[in-house]
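To convert, note that position 26 of the sequence shown is 116 in this note's numbering; the numbers rise steadily by one, no gaps.
As structure tokens, the structure follows; a few thoughts come after it.
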Amino acid sequence: MQKDCTFVKILFDMSFYPSSLFRSGYLFAIIIMCTACEPPGDQAYSSPSTACPCNSQTYLEAASLFTQVSSEYKALCLQAYRQATEHLPELAAASEQAAVVLDLDETVLENSPYTAWQVMSGEPYSPATWDQWVQLASAEAVPGAAAFLRFADSLGLRIFYISNREESQLEATITNMRALKLPQVEPSQFYLKSHTSDKSERRRAVIDAGYDIVMLIGDNLGDFHNGYDKPATNDERDRQVEADRSKIGREYIVLPNTLYGTWEGAIYGFDRSLSDAERCMLRSEALRPAPITGAE
Ligand SMILES: [Mg+2]
Numbered sequence: 091m092q093k094d095c096t097f098v099k100i101l102f103d104m105s106f107y108p109s110s111l112f113r114s115g116y117l118f119a120i121i122i123m124c125t126a127c128e129p130p131g132d133q134a135y136s137s138p139s140t141a142c143p144c145n146s147q148t149y150l151e152a153a154s155l156f157t158q159v160s161s162e163y164k165a166l167c168l169q170a171y172r173q174a175t176e177h178l179p180e181l182a183a184a185s186e187q188a189a190v191v192l193d194l195d196e197t198v199l200e201n202s203p204y205t206a207w208q209v210m211s212g213e214p215y216s217p218a219t220w221d222q223w224v225q226l227a228s229a230e231a232v233p234g235a236a237a238f239l240r241f242a243d244s245l246g247l248r249i250f251y252i253s254n255r256e257e258s259q260l261e262a263t264i265t266n267m268r269a270l271k272l273p274q275v276e277p278s279q280f281y282l283k284s285h286t287s288d289k290s291e292r293r294r295a296v297i298d299a300g301y302d303i304v305m306l307i308g309d310n311l312g313d314f315h316n317g318y319d320k321p322a323t324n325d326e327r328d329r330q331v332e333a334d335r336s337k338i339g340r341e342y343i344v345l346p347n348t349l350y351g352t353w354e355g356a357i358y359g360f361d362r363s364l365s366d367a368e369r370c371m372l373r374s375e376a377l378r379p380a381p382i383t384g385a386e
């Protein structure tokens with residue numbers, strides 16, 4: 091049974107008023123919210139007016155809206171794939187066995203309907219519900235992805251999809267991608283997750299098969315190399331971006347993903363045992379607020 095979050099929501103709303111009294115109570119309000127609210131549990135859907143504003147699902151609301159509603163998201167994806175299209179011919183010309191490697195989720199397939207479901211149901215991510223979404227095989231293509239893939243295919247390049255979807259999800263993934271009429275959607279082109287999220291081994295397998303990977307495309311920087319993976323902190327990831335600066339936008343094409351990513355896991359120290367309240371606190375601590383005193 092979900093507890094009534096009206097009181098804590100009022101506190102949350104009040105925290106945005108330009109009063110030092112209310113501002114100083116902000117963190118306290120968050121703590122109360124995090125401990126007083128429970129997920130909906132047996133309730134199918136929670137209305138936005140009563141949803142606890144401090145759980146992981148509500149946290150996804152803005153991220154899902156940006157992906158589903160904003161034209162900026164679509165433009166950013168088109169921008170990324172335009173860069174990929176412009177650089178690919180030159181990069182591919184340097185090799186007789188050129189290959190392009192793409193991640194799938196939030197790179198080729200757009201999964202915001204799943205996170206929107208999380209928000210509306212109050213349910214956290216789980217492998218079981220994620221699999222339900224995958225089995226629906228109804229993800230739309232990320233804007234620009236289909237046109238780019240057909241262009242790469244027209245150049246005679248091999249396309250490899252290296253994804254952390256489970257190997258058991260291959261059939262549904264192929265069904266989904268064939269419905270989108272994407273090229274080279276054959277089992278031989280997929281390297282899904284078998285035992286580790288680190289994609290290094292799978293990139294190595296492509297190279298060992300005789301291909302030169304001339305371009306990598308992904309929404310998570312770990313799609314390029316494992317210097318960005320766990321246990322790297324966000325500061326270390328930032329430094330790695332500086333080191334990779336000459337490749338970003340050319341050999342490394344980055345798609346926007348506000349829904350999830352290694353950056354978020356790094357905030358939590360990659361500790362999957364944390365409660366919603368603890369994750370909420372760590373997100374608050376990671377913010378860098380301006381030194382504004384506000385109206386007195
Ligand atoms: Mg991805």
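Idealized CB from N, CA, C, for every residue including glycine.
Quantities reported herein were computed from a predicted structural model and do not represent experimental measurements.
{"query": "Where the alpha helix (DSSP H) through E48 begins and ends", "result": "The first residue shown for the chain is 91 and the last is 386, placing residue 48 beyond what the model contains."}
{"query": "Local conformation of A356 per DSSP, three classes", "result": "helix"}
{"query": "Under 7 Å between C-beta atoms of K283 and E256", "result": "yes"}
{"query": "Supposed contact pair A170 and T348 - C-beta distance, whole angstroms, cut 8 Å", "result": "At roughly 14 Å, the Cβ-Cβ gap does not stay under 8 Å, so T348 and A170 are not in contact."}
{"query": "Three-pair Cβ contact test at 8 Å for the region 211–231 versus the region 325–339", "result": "no"}
{"query": "Beta-carbon contacts of H177 that lie in its chain and below 6 Å, excluding the five residues immediately before and after", "result": "R340"}
{"query": "Neighbouring residues (CB closer than 6 Å to any heavy atom of ligand 1)", "result": "D193, D195, E196, T197, G308, D309 and N310"}
{"query": "Bridge-paired residues (DSSP) for K283", "result": "E256"}
{"query": "Short Cβ contact (7 Å threshold) for D288 with N310", "result": "no"}
{"query": "Member of T148, M305, K320 and K164 whose CA lies at the smallest distance from the CA of P233", "result": "K164"}
{"query": "Rounded C-alpha distance that separates L239 from A385", "result": "53 Å"}
{"query": "Nearest-angstrom Cα separation, counted from E230 out to L345", "result": "15 Å"}
{"query": "Own chain, CB closer than 7 Å to Y301, minus 5 neighbours either side, in chain order", "result": "Q187, A189 and R248"}
{"query": "Proximity below 7 Å, CB of Q222 to CB of Y251", "result": "no"}
{"query": "Cβ-based burial, S202 [other Cβ within 10 Å; buried from 16]", "result": "buried"}
{"query": "Strand pairing of G308, partner residues [DSSP]", "result": "V344"}
{"query": "Neighbour-count burial assignment, D132, 16 or more Cβ in a 10 Å radius", "result": "With a pLDDT of 29 at D132, under the threshold of 50, the predicted position of this residue should be treated as unreliable, and no value is reported."}
{"query": "Cβ-Cβ distance between Q158 and G212 below 7 Å", "result": "no"}
{"query": "L166 versus D334: straight-line alpha-carbon distance, rounded", "result": "20 Å"}
{"query": "DSSP-derived helix/strand/coil call for E368", "result": "helix"}
{"query": "Beta-bridge partners of I249, as assigned by DSSP", "result": "V190"}
{"query": "Separation of I382 from Y342, as counted between CA atoms", "result": "38 Å"}
{"query": "Residues sharing a beta bridge with E162, DSSP", "result": "According to DSSP, E162 bridges with nothing at all."}
{"query": "Rounded C-alpha distance that separates Q330 from T175", "result": "25 Å"}
{"query": "Cβ shell of N266 (< 6 Å), same chain only, five flanking positions each side left out", "result": "A227 and A229"}
{"query": "Classification of S253 by the beta-carbon crowding that lies within 10 angstroms, buried from 16 upward", "result": "buried"}
{"query": "For A231, the three-state DSSP class (helix, strand or coil)", "result": "strand"}
{"query": "Residue interval of the alpha helix (DSSP H) (run including R75)", "result": "Given a span of 91 to 386 for the chain in the structure shown, any question on residue 75 remains unanswerable."}
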